[in-house]
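Data first, discussion second: the structure below is written as structure tokens.
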Amino acid sequence: MAAPRLTDSFGRDVDYLRLSVTDRCNLRCTYCMAEDMTFLPKQQILSLEELRDIAAAFVELGVRKIRLTGGEPLIRRDILKLVGSLANLSGLYELTMTSNGVMLPKMAQPLKDAGLSRINISIDSLKAERFKALTRVGNLDEVLAGIKAAGAAKFKRIKLNAVILAGFNDDEVLDLARFAVDNNMDISFIEEMPLGEISSHKRVATQITSEVIRQQLETEFTLMDSAETTGGPSRYARVASSESKIGFISPMSNNFCSTCNRVRLTAEGRLLLCLGNEHSVDLREILRSYPGDTERLKTSIMQAMENKPERHYFDPEQTDIVRFMNMTGG
Ligand code: SAM
Ligand code: SF4
């Protein structure tokens, strides 16, 4: 019998789930969160068992890649247990995580041992003072130590993520790329999205396109376009004379929706079918009203695919989406 597949009404197969395990974070990046945030009470957050049940249902429906995210996934106390239980799901090809790296000095090796295959680490600046300003509370040395620890734990190709904001860190594009290449890692540059109302800056003033970032990179690196994909939204270029790839994530300037293969689950169990739309399906309600009814859960997930929108529309002048990125699960 053919394996079941999740297909939306535009014929796109969904085989990638981003699972947010908490909305909380030990940093407060200005583009991601407002200064004063209210986080979800604990009872609203999915339990370890609920997260596992939902992940298992998705894998039974053909999902092959799960990324754990948040908020900061490593501040969830039972994260190693979760990684261990998801890594054993038969049919899951890749279990990955996006982290800000702060807790990786202690956690990198245990995560690898628990079965995490890959990790992305966010780092937007290599200047300590600027890093602190961008994250409001962060200590760059901790993240650098986290990146080193991930390297020592021998994860499959580590990828760095940098959100570039014009006027804040766009003068560090070359430094960040050099850092990735020197450490034999990949790096993706991300355009800032208008998710959530922030007070630190006007998003329209900090927009910079992937194309402009690429032009900067080409003053130093020879980039060769690559058809490679890691199943996410990055378009990659190989860096000549190195093993590194540079990715461009362009939700603002280059809509990637036609190849969208992913959905997101918020920490409170809302299934988001699109980053740029508010529509969601409450899977927690189904789990808690019908405990153990896997078939009902799977049916709800399949039905939800019919409501996956064709594309997102972002306007940096307007924040139509009130959800912050820490709620969405990046
Ligand atoms: N805390 C972890 C981290 O920072 O890597 C995981 C969650 S974070 C929400 C995931 C990714 O989303 C990070 O790379 C972050 O830089 C990015 N991000 C957050 N807010 C964003 C925004 N408004 N536009 C674009 N990317 C954003
Ligand atoms: Fe935390 Fe990640 Fe958001 Fe920064 S981007 S505040 S590290 S969730």
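1493 is the number of the first residue of the sequence shown in the working numbering; add one for each residue after it.
Note that CB positions come from ideal geometry on N, CA and C, so glycine has one too.
Assuming residue i and residue j are in contact, meaning their beta carbons sit under 8 Å apart, how far apart are those beta carbons, in whole angstroms?
i	j	result
R1776	L1538	6 Å
T1698	L1767	Not quite, the Cβ-Cβ distance comes to about 19 Å (not below 8 Å), so this is no contact.
M1626	S1614	For the record, residue 1626 in the displayed sequence is Leu; it is not Met. Not a contact, Cβ separation roughly 10 Å.
L1603	L1572	7 Å
S1736	M1677	6 Å
L1543	L1587	Going by Cβ atoms, the distance from L1543 to L1587 rounds to 12 Å, so no, they are not a contact pair.
L1894	M1817	With the chain covering 1493 to 1822 only, the question about residue 1894 has no answer from this structure.
L1657	E1684	6 Å
K1651	I1679	7 Å
Assign residue i to one of two classes, buried (16 or more other C-beta atoms within 10 Å of its C-beta) or exposed (fewer than that).
i	result
V1673	buried
V1665	buried
M1477	In this structure the chain extends from 1493 to 1822, so residue 1477 is not present and cannot be described.
K1541	Strictly speaking, residue 1541 in this sequence is Glu, with Lys absent from that position. Classification for E1541: exposed.
R1497	exposed
R1559	buried
A1796	buried
T1561	buried
K1598	exposed
With DSSP as the reference, label residue i as helix, strand or coil.
i	result
L1532	coil
T1499	strand
K1619	coil
T1751	helix
A1669	helix
I1823	The requested residue 1823 is not part of the displayed model; the chain covers only 1493 to 1822.
D1570	coil
For residue i, report the span of its beta strand (DSSP E) as first-last.
i	result
A1654	1648-1656
G1739	1737-1741
T1588	1586-1591
Could you tell me the boundaries of the alpha helix (DSSP H) in which residue i lies?
i	result
N1612	No alpha helix (DSSP H) contains N1612, which is instead part of the beta strand (DSSP E) from 1610-1614.
F1550	1540-1552
R1788	1786-1797
D1717	Note, D1717: premise wrong, no alpha helix (DSSP H); beta strand (DSSP E) at 1715-1718.
D1633	1632-1644
D1507	It is not in any alpha helix (DSSP H) - D1507 carries neither H nor E in the DSSP assignment.
Does any C-beta atom of chain B lie closer than 8 Å to the C-beta of residue i?
i	result
R1516	Annotation note: the requested chain B is absent from the structure, which comprises a single protein chain.
For the 8 Å Cβ check, are there 3 or more pairs between the region 1508-1517 and the region 1744-1751? no
Any chance the region 1588-1602 sits against the region 1783-1799, with 3 or more Cβ pairs inside 8 Å? no
On the three-pair Cβ rule with 8 Å, is the region 1754-1763 touching the region 1640-1653? no
Tell me whether the region 1520-1533 and the region 1566-1580 touch, counting them as touching only if at least three CB pairs, one residue from each stretch, are closer than 8 Å. no
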